[in-house]
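**Student:** My questions all concern the structure below.
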Amino acid sequence: MPKMARELYAVDLKRLTKPGRHLVGVVPGLALQVAETGARSWVLRIMVGARRREIGLGSFPAVTLAMARQRAAVERDKVRQGYDPVEERRVSQQALRAQQLASISFQEAATQFIESRRGAWRNAKSERQWTSSLTQYAYPLIGSLNVGQISRPHILAVLEQAVPVSRRASEGYKGTGRLWEARAETASRLRGRMESILDWCKGRGYCSGDNPAAWDGNLAAVLPDPTKMKRVTHHPAVALSDLPRFWNDLGKCEGIAARALEFLTLTAARSGEVRGMLWTEVSGLSASGAMWIIPASRMKAGREHRVPLSKAARDLLNSLPRFEGCDLVFPGMRGGPLSDMSLSAVMRRMGRVEVPHGLRSSFRDWVAERTTYPGELAETALAHSLSSKVEAAYRRMDMLEKRRAMMEDWATHLVSDTPVDIMLANSKITSS
């Protein structure tokens, strides 16, 4: 017969500070477990058939000695009646987990997914775009549905819902259209987001089976291919013939946002890249070899991008004031970056219907229609992705000096009252 442990009292527990298990008597196998950190908890060690089990009974002093003995006695009674307390607890936890999984909605799952990705977003704007598109289009239709109930018809209902067809105010209201066609880029991204969320749900055990938002072998059979649909112009561009007038009018506008818009035009960069530009990203500003190096963390494609600065771009930067303690080239009123609407507001004040991003299209049109620079060179300047083989070559060589010549010619086109035709002047610069 095993030796019975000496019965301890509440006052004795204060002296049990050495890490390890300390039997407290009365109920066989009941011990106070002291961790290396000093934390103490109750453990009941007991044989269930041929298996030794350890059952946690709570932390000390939240669970007193008397309470621990009472709980231990209950667990030992269960064992005598043929129950396995550890197995019983495991089954209960599985049942609770199954119940929780059965009740998780798409909106709850999406919120958890977005939260899990928080550290991986390229910037805060990405998270806002995910949340905004799901809130506007998906949650009203499938947000309350259990993720295991969502099927292809539900996804199609989201992607084919009626939305207003956007047009210029001067053209009047044009009715509604299906989201998939009327706002193709938004709808395509929304589908991908729903697919990612449901893939995550499947991995977590929230649902099973095929992903109803998947494209290949699923939605591709019933929806038009977004890559083959007629592209909707989301970013109205300034016409090539109108660029000198636009540039002249812009020069008459005051304020840091107007200067940022000028720099965006000269470099064909994205609005966010310009608004977040830092002086420490600029090198050799006083020389003809000046460049702006945008770090990968601020680039849409996640790759560092070198931007050669034309003389006009250098002159613009050299004319800007610098503020102590602020590294931003184009700081807002309170020292932070300009808002994403600040550059658009400049164009509205100019009476323009175009948008800042459309100036990148204007640059691309200029390269194609007024120069013999290879298209790949323009795409590299725009930091667009290229086909695999061409991209590898252009990424490797960077073509910085050829791009520098191209950006000088672009600046000349902007500032000239009679835009120069450089079709022949630069005929030596070809894709070869």
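The numbering of the sequence shown is UniProt numbering, which starts it at 1 and goes up by one. By construction, the Cβ of each residue, glycine as well, lies at the ideal position given by its N, Cα and C atoms.
#1: Which residue from W410, S196, I142 and N218 puts its Cα closest to that of E262?
#2: For M407 versus A313, is the C-beta distance shorter than 9 Å?
#3: Where does R348 land, buried or exposed, given buried means 16+ other C-beta within 10 angstroms?
#4: Check the Cβ-Cβ distances between T64 and every residue of chain B, and say whether any is below 9 Å.
#5: Looking only at its chain, what residues have a beta carbon closer than 7 Å to the beta carbon of L8, apart from the 5 residues adjacent to it on each side?
#6: Spatial neighbours of S41 within its chain, please: C-beta separation below 7 Å, excluding the five flanking residues on both sides.
#7: Using CA atoms only, rank isn't needed, just tell me which of H413, A378, E115 and A182 is closest to L400.
#8: Helix, strand or coil for A10, going by three-state DSSP, please let me know.
#9: Output the boundary residues of the beta strand (DSSP E) element that contains V43.
#10: Would you list the residues sitting across from A31 in a DSSP beta bridge?
#11: Three-state secondary structure (DSSP) at E254?
#12: L240 and M277 - do their beta-carbons sit closer together than 9 Å?
#13: Would DSSP call A220 helix, strand or coil?
#14: Enumerate in chain order the residues of its own chain whose CB-to-CB distance from I197 is below 7 Å, with the five nearest sequence positions on each side excluded.
#15: For D365 versus A237, is the C-beta spacing smaller than 9 Å?
#16: Quick check: R303 and A383, are their CB atoms within less than 9 Å of each other?
#17: Where A39 and A73 are concerned, what is the direct C-alpha to C-alpha distance, given to the nearest angstrom?
#18: Going by C-alpha to C-alpha distance, which of V63, V48, S116 and Q93 sits closest to D84?
#19: With DSSP as the reference, label R118 as helix, strand or coil.
#20: Does L338 come out as helix, strand or coil in the three-state DSSP assignment?
#21: Counting C-beta neighbours from all protein chains within 10 Å, is the total for P212 16 or more, i.e. buried, or is it exposed?
#22: What does L328 pair with, by DSSP beta-bridge criteria?
#23: Looking at the strands, I want to know which residues DSSP matches up with W292.
#24: Please determine, among I104, L156, S116 and G192, the residue with the shortest C-alpha to C-alpha distance to S133.
#25: For E54, write down the residues that DSSP places opposite it in a beta bridge.
#26: Evaluate the contact criterion for the stretch 329–345 versus the stretch 204–211: three or more CB pairs, one atom per stretch, below 8 Å.
#27: Taking the C-alpha atoms as reference points, what is the distance between F363 and E324?
#28: According to DSSP, is S103 helix, strand or coil?
#29: What did DSSP end up calling P321 once you bin it into helix, strand or coil?
#30: For C201, is the classification buried or exposed, using 16 other Cβ atoms within 10 angstroms of its Cβ as the cut-off for buried?
#31: Throw me the rounded Cβ distance for the L16 and H22 pair, which I believe falls under 8 Å.
#32: Report yes if the CB atom of F106 is closer than 9 Å to the CB atom of A68, and no otherwise.
**Tutor:** By the coordinates alone:
#1: W410
#2: yes
#3: exposed
#4: No chain B is present in this structure, which holds just one protein chain.
#5: V24 and G25
#6: For S41, where only same-chain residues beyond five positions count, the Cβ hits under 7 Å are Q33, G56, G58, S59 and F60.
#7: Nearest to L400 by alpha-carbon distance, out of H413, A378, E115 and A182, is A378.
#8: Reduced to three states, the DSSP call for A10 is helix.
#9: R40 to V48
#10: Looking at the DSSP assignment, A31 forms a beta bridge with L23 and V43.
#11: coil
#12: no
#13: helix
#14: These residues qualify, in order along the chain: A109, A110 and F113.
#15: yes
#16: Contact flag set, yes.
#17: As the crow flies, the alpha-carbon of A39 is around 23 Å from that of A73.
#18: V48
#19: helix
#20: coil
#21: buried
#22: L278
#23: V282 and V307
#24: G192
#25: According to DSSP, which records beta bridges pairwise, E54 is partnered with R45.
#26: no
#27: 34 Å
#28: coil
#29: Here P321 sits in coil by DSSP.
#30: buried
#31: 5 Å
#32: no
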